[in-house]
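Just below is one structure, and these are the notes that go with it.
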Amino acid sequence: MTARRPALSLLAFAVIAVSFLYWLPNRMLADEYVHWPQALRFAQGDWRIDPWLSTWPTMNLVVSIVLRLFHSEQLWLGRMTIVAFALLAFTGFVRLANAVQGSTRPDKAAHQTMALQWFASPLMLLVCTVVYTDVPALAALIWAAVGVAQRRRGLFLVAGIATVMFRQTHLLWFATLLAWHLALAWRTQSAESERSAGATLAAVVSEERWILAVSAIAGMGWLAVVATTGGIAFGANTQPAHHMSLGGVPNEFFAMAVWATAFAPLTLGTLVVRSLNQTNRRDALTAASVALAVIVLATFFFEARLPGNTHPSTMMLIRNQALQTLNDPMGRGLMLALCTAGAMAWWHMNFAPLMQPFKGWFFVAGALYLLPFALIEQRYYLPMFTLLAAFRVPLKARWEWAQLAWSLALSAVLLYHVVNKGRFL
Numbered sequence: 045m046t047a048r049r050p051a052l053s054l055l056a057f058a059v060i061a062v063s064f065l066y067w068l069p070n071r072m073l074a075d076e077y078v079h080w081p082q083a084l085r086f087a088q089g090d091w092r093i094d095p096w097l098s099t100w101p102t103m104n105l106v107v108s109i110v111l112r113l114f115h116s117e118q119l120w121l122g123r124m125t126i127v128a129f130a131l132l133a134f135t136g137f138v139r140l141a142n143a144v145q146g147s148t149r150p151d152k153a154a155h156q157t158m159a160l161q162w163f164a165s166p167l168m169l170l171v172c173t174v175v176y177t178d179v180p181a182l183a184a185l186i187w188a189a190v191g192v193a194q195r196r197r198g199l200f201l202v203a204g205i206a207t208v209m210f211r212q213t214h215l216l217w218f219a220t221l222l223a224w225h226l227a228l229a230w231r232t233q234s235a236e237s238e239r240s241a242g243a244t245l246a247a248v249v250s251e252e253r254w255i256l257a258v259s260a261i262a263g264m265g266w267l268a269v270v271a272t273t274g275g276i277a278f279g280a281n282t283q284p285a286h287h288m289s290l291g292g293v294p295n296e297f298f299a300m301a302v303w304a305t306a307f308a309p310l311t312l313g314t315l316v317v318r319s320l321n322q323t324n325r326r327d328a329l330t331a332a333s334v335a336l337a338v339i340v341l342a343t344f345f346f347e348a349r350l351p352g353n354t355h356p357s358t359m360m361l362i363r364n365q366a367l368q369t370l371n372d373p374m375g376r377g378l379m380l381a382l383c384t385a386g387a388m389a390w391w392h393m394n395f396a397p398l399m400q401p402f403k404g405w406f407f408v409a410g411a412l413y414l415l416p417f418a419l420i421e422q423r424y425y426l427p428m429f430t431l432l433a434a435f436r437v438p439l440k441a442r443w444e445w446a447q448l449a450w451s452l453a454l455s456a457v458l459l460y461h462v463v464n465k466g467r468f469l
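Rendered as structure tokens:
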């Protein structure tokens with residue numbers, strides 16, 4: 045039965061995803077109005093790029109190949125292509141959750157449940173069933189992380205470069221995984237012999253020279269594409285809105301609130317377990333200081349006043365309806381409470397052994413990734429949330445199963461609003 049469980053969990057997710065896709069309206073939704081026509085043009089041999097396409101057209105090209113292969117231009121086939129990437133990502137997620145246990149025996153059953161929780165959540169399930177770039181980019185990112193955790197350099201490089209090709213902003217995550225890979229190499233070299241820091245560095249550089257060389261070439265290729273296209277965003281019409289700035293500070297706080305909402309049972313479980321086991325007064329004071337800092341900073345910097353948040357035409361987005369609560373004292377209090385709960389859940393969360401020493405790096409990378417983005421899209425949180433969900437140590441079974449039920453319930457509510465109310469995340 046244990047051997048069959050991975051296949052059963054994958055089959056369960058496949059059934060959930062295909063069922064969700066089946067009930068979606070058979071028309072383009074949100075950004076599909078850009079991505080789907082671009083894939084169709086490629087399939088028809090038209091290589092012109094939509095000026096509103098912000099990402100590199102890698103996903104659109106892959107979907108167009110499938111359309112040409114099956115001689116079809118049906119939207120459901122494009123969406124099924126993304127579902128196939130989602131299945132690849134699901135498999136990689138489980139592999140990653142097992143791999144980061146290091147020498148500790150992995151709880152494979154719990155990791156299957158963790159995968160179902162995340163991929164069946166409304167944040168993931170919707171993008172797993174529409175023609176968006178997110179899931180192909182995430183699938184490659186997950187497998188790149190597997191390559192690092194399993195010390196498979198070729199897998200890391202191929203998947204890492206692929207995730208950047210699908211979504212060019214994933215260059216930061218590629219760099220983060222490269223830093224993790226080098227840190228693990230440093231730890232291995234340090235453990236094997238007593239060397240000076242300089243000698244250890246020289247050994248790491250020598251051992252990882254091909255990784256460093258290929259990564260440098262990939263980075264220069266990224267810069268060449270950005271210089272050629274005139275900006276990080278690919279399409280000409282999207283470049284003015286995509287530039288380096290600090291406009292994403294509100295994203296940091298909304299990400300905490302979104303996590304606390306989407307992972308409410310796990311957030312509650314983490315806080316309950318931590319409070320019951322809290323014996324160190326210094327740790328308690330540190331946690332209280334962090335919570336107070338989050339409340340103070342969110343009070344001053346968490347706002348949603350951009351046209352993308354307030355224009356009447358954007359009120360069909362559930363995200364913007366939630367952000368409107370910031371204008372009401374009671375709603376703002378609730379949002380601050382969710383921010384604090386999410387931050388405390390992250391603060392107290394235990395990471396798997398292979399990642400625990402680098403927990404701080406991970407959150408710094410997540411914060412830096414969100415910083416340039418305006419508060420207009422919660423999909424920017426998916427890379428950080430996906431890795432966080434895979435790196436964490438599972439709680440007791442009752443909390444994990446409650447989270448799975450919560451994810452499925454929220455996705456059912458989302459599907460109802462998409463189908464019957466014309467809304468979107």
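So the sequence shown is numbered by the working numbering: it starts at 45 and just counts up by one. Think of the CB as a built atom: it goes at the ideal place given N, C-alpha and C, for glycine as much as any other residue.
- Rounded to the nearest angstrom, the gap between the Cα atoms of H214 and T135 is 20 angstroms.
- Assignment of L170 by DSSP, reduced to helix, strand and coil, places it in the coil class.
- The beta carbon of G242 lies closer than 7 angstroms to none in the same chain, with the five residues before and after it left out.
- The residue among P427, T148, A268 with its C-alpha nearest the C-alpha of R211 is P427.
- Note on E296: 16 or more other CB atoms within 10 angstroms of its CB, so buried under the neighbour-count rule.
- For R436, the pairing in a beta bridge is given by DSSP as F395.
- A distance below 8 angstroms between beta-carbons, with the five flanking residues on each side excluded, links F417 to the following residues of its chain, in chain order: G291, G292, N295, Y424.
- The closest CA to that of L458, considering only F407, V127, L167, W254, is found on L167.
- A straight-line Cα-Cα distance of about 14 angstroms links A133 and G191.
- In terms of Cα proximity to W445, the closest of A308, L398, R376, A396 is A308.
- V249 sits exposed, since fewer than 16 C-beta atoms from the chains shown fall within 10 Å of its C-beta.
- For D327, the enclosing alpha helix (DSSP H) stretches over residues 325 to 345.
- Looking at the DSSP output, F468 sits in a beta bridge with L361.
- Contact annotation, A203 with W187: C-beta distance approximately 4 angstroms; criterion of less than 8 angstroms satisfied.
- Excluding residues up to 5 positions away in sequence, L315, A331, A335 lie with their Cβ nearer than 7 angstroms to the Cβ of M388 in the same chain.
- By the 16-neighbour rule on beta-carbons within 10 angstroms, W162 is buried.
- In this structure F137 is not in contact with A348, their Cβ atoms being roughly 31 angstroms apart against a cut-off of 8 angstroms.
- Each of L452, P150, L222 was checked against the Cα of S259, and the nearest Cα belongs to L222.
- Burial check for P401: the Cβ neighbour count within 10 Å stays below 16, so the residue is exposed.
- T244 sits in a helix when the DSSP states are folded into three classes.
- Across the set V269, N371, W405, I362, the C-alpha of W405 shows the shortest separation from the C-alpha of W224.
- By the neighbour-count definition (other C-beta atoms within 10 Å, threshold 16), R436 is a buried residue.
- With fewer than 16 neighbouring CB atoms inside 10 Å of its own CB, M374 falls in the exposed class.
- Within the segment 156 to 217, complete alpha helix (DSSP H) segments of at least 4 residues are found at 166 to 169, 178 to 193, 197 to 210, given in chain order.
- The Cβ neighbour count for H79, taken over all protein chains shown within 10 Å, is at least 16; the residue is labelled buried.
- Counting along the chain, no alpha helix (DSSP H) covers T148, and no H or E run does either.
- CA-to-CA, the gap between A189 and L140 works out to about 7 angstroms.
- Under the three-state reduction of DSSP output, L140 falls in the helix class.
- Annotated as distal: I255 and Y176, with beta-carbon spacing of 8 angstroms or more.
- For E421, the closest C-alpha among the options N364, A181, I205, W120 is that of N364.
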